[in-house]
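Since the structure comes first, as structure tokens, the remarks are kept for the end.
Residue numbers (this note's numbering): 148 to 382.
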């Protein structure tokens, strides 16, 4: 949020986005226990939908499961077990991931009138970060920002730059910077920053378990850009 505010001030127009709130909306790690798939379907925060603009972030579920696994094990110490067990867990795995996005997308797509939202995919940010970010800014009504300011914002928020900042903070603050171990690259928040890195961690049967779960939600498949009727993704 601070980066976006600085960006808009530098545009010379003096315009500000009132507030940008990042939320997992119940899909992340909950201190008092994660919700299972059925609970997530009931607890999607529909009261917020229609009241404000929504930027819904999406990423390949195979990469999400790997990233979430290391967040739960290396950074939060909230799960013990292998990644295959994690993927199949009702309180951690792919079924609750699919349930959340399927329920959220269902509400966005027409159960309430006046919903103003945009989808932004992690893979698109990798493939064309300036174009994807410009599309988001257009959605927010500030799409005429200067290209040089946009390029500077992208550079400042690049994976390599954020990794350097995280390493610096871990060394300076130690345990204050939650969860990171300077000797364990898998414990960093800036862990990989790659598209398709799941292939380094998942067995074929794990990949199949994830894609078959996603295949049960046509609206999620469409949002992800997955076209195969059996759940086979674009890569």
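A virtual CB, placed ideally from N, CA and C, is assigned to each residue, including glycine.
### Message
Less than 8 Å between C-beta atoms, sequence neighbours within five positions excluded: which residues of the same chain meet that for residue 205?
### Response
For the purposes of this step, residue 205 is identified with residue 58 of the chain shown, where counting begins at 1. Contacts found: 248, 266, 267, 268, 269, 370, 371.
### Message
Rounded to the nearest angstrom, what separates residue 324 and residue 312 at their Cα positions?
### Response
Working through the chain shown from its first residue, we reach residue 324 at position 177. Working through the chain shown from its first residue, we reach residue 312 at position 165. Its pLDDT being 48, under 50, residue 324 is placed unreliably by the model, and the measurement read from it follows with that caveat. Each residue's Cα considered, the two are about 11 Å apart.
### Query
With 16 other CB atoms within 10 Å as the buried threshold, where does residue 306 fall?
Position 159 of the chain shown, counting from 1, holds the residue named residue 306. Burial call: exposed.
### Query
Among all the DSSP beta bridges, which residues are the ones paired with residue 264?
Counted from its first residue, the chain shown places residue 264 at position 117. In DSSP, residue 264 forms a bridge with 201.
### Message
I'd like the list of long-range same chain contacts for residue 345, defined as Cβ closer than 8 Å, with 5 residues on each side in sequence excluded.
### Response
Here residue 345 refers to the residue found at position 198 when the chain shown is read from its first residue. Here the set comprises 207, 209, 210, 212, 213, 354.
#### Entry: Whole-Å CB distance - residue 276 paired with residue 301, under 8 Å assumed
Working through the chain shown from its first residue, we reach residue 276 at position 129. Working through the chain shown from its first residue, we reach residue 301 at position 154. With a Cβ gap of about 5 Å, residue 276 and residue 301 count as contacting.
### Message
For a test of the three-state rule: what should DSSP assign to residue 324, helix, strand or coil?
### Response
For the purposes of this step, residue 324 is identified with residue 177 of the chain shown, where counting begins at 1. Any answer about residue 324 is weak, because its pLDDT of 48 lies below 50 and its placement is not dependable; what the coordinates show is given next. Reduced to three states, the DSSP call for residue 324 is coil.
### Query
From residue 221 to residue 243, what distance separates their C-alpha atoms?
Numbered from its first residue, the chain shown carries residue 221 at position 74. Numbered from its first residue, the chain shown carries residue 243 at position 96. Whole-angstrom Cα-Cα distance: 21 Å.
### Query
Is it buried or exposed for residue 274, if we count other Cβ within 10 angstroms and need 16 for buried?
As a position in the chain shown, residue 274 is number 127, starting the count at 1. Burial call: exposed.
### Query
Which of helix, strand or coil does DSSP assign to residue 339?
As a working note, residue 339 is residue 192 in the chain shown. Reduced to three states, the DSSP call for residue 339 is coil.
### Query
Who are the near neighbours of residue 240 in its chain, counting only those whose CB is closer than 8 Å to its CB and skipping five residues on each side?
Counted from its first residue, the chain shown places residue 240 at position 93. Around residue 240: 212, 233, 234.
### Query
Just curious, the alpha helix (DSSP H) that residue 348 is in, first and last residue?
Sequence index remark: in the chain shown, residue 348 carries index 201 (1-based). Looking at the DSSP string, residue 348 is not in any alpha helix (DSSP H), and its letter there is neither H nor E.
#### Entry: CB of residue 135 within 8 Å of CB of residue 246, strictly
Past the edges of the chain, shown from 148 to 382, lies residue 135, and the structure says nothing about it.
### Query
What separation, rounded to the nearest whole angstrom, lies between the Cα atoms of residue 362 and residue 217?
Counted from its first residue, the chain shown places residue 362 at position 215. Counted from its first residue, the chain shown places residue 217 at position 70. Rounded to whole angstroms, residue 362 to residue 217 spans 25 Å at the Cα level.
### Task
Rounded to whole angstroms, what's the CA-CA distance from residue 284 to residue 236? Just pull it up for me.
As a first step, residue 284 must be located in the chain shown, where it is residue number 137. As a first step, residue 236 must be located in the chain shown, where it is residue number 89. Between residue 284 and residue 236, the C-alpha separation is close to 37 Å.
### Message
To the nearest angstrom, how far is the alpha carbon of residue 322 from that of residue 347?
### Response
On the chain shown, residue 322 is found 175 positions in, with the first residue counted as 1. On the chain shown, residue 347 is found 200 positions in, with the first residue counted as 1. Reliability of the predicted coordinates at residue 322 is poor, the pLDDT of 46 falling under 50, and no value is obtained from them.
### Contacts around residue 279, its chain only, beta-carbon distance under 7 Å, and the 5 residues preceding and following it disregarded
For the purposes of this step, residue 279 is taken as the residue at position 132 of the chain shown. If we look at residue 279 and ignore the five residues flanking it on each side, its Cβ neighbours are 267, 271, 272.
### Task
Could you check which residue in 254, 303, 287 has the C-alpha nearest to that of residue 367?
Taking the chain shown and counting its residues from 1, the one referred to as residue 367 is at position 220. That would be 254, whose Cα lies nearest to the Cα of residue 367.
### Query
Cα separation between residue 309 and residue 294?
Start at 1 with the first residue of the chain shown, and residue 309 comes out as number 162. Start at 1 with the first residue of the chain shown, and residue 294 comes out as number 147. Answer to the nearest angstrom: the Cα atoms are 21 Å apart.
### Query
Looking at the unbroken alpha helix (DSSP H) that takes in residue 189, where does it start and where does it end?
Position 42 of the chain shown holds residue 189. Unbroken alpha helix (DSSP H) run through residue 189: 184 to 190.
### Message
If I measure Cβ to Cβ from residue 252 and keep anything under 7 Å in the same chain, skipping five residues before and after, which residues do I get?
### Response
Counting from 1 along the chain shown, the entry for residue 252 is found at position 105. If we look at residue 252 and ignore the five residues flanking it on each side, its Cβ neighbours are 366, 367, 370.
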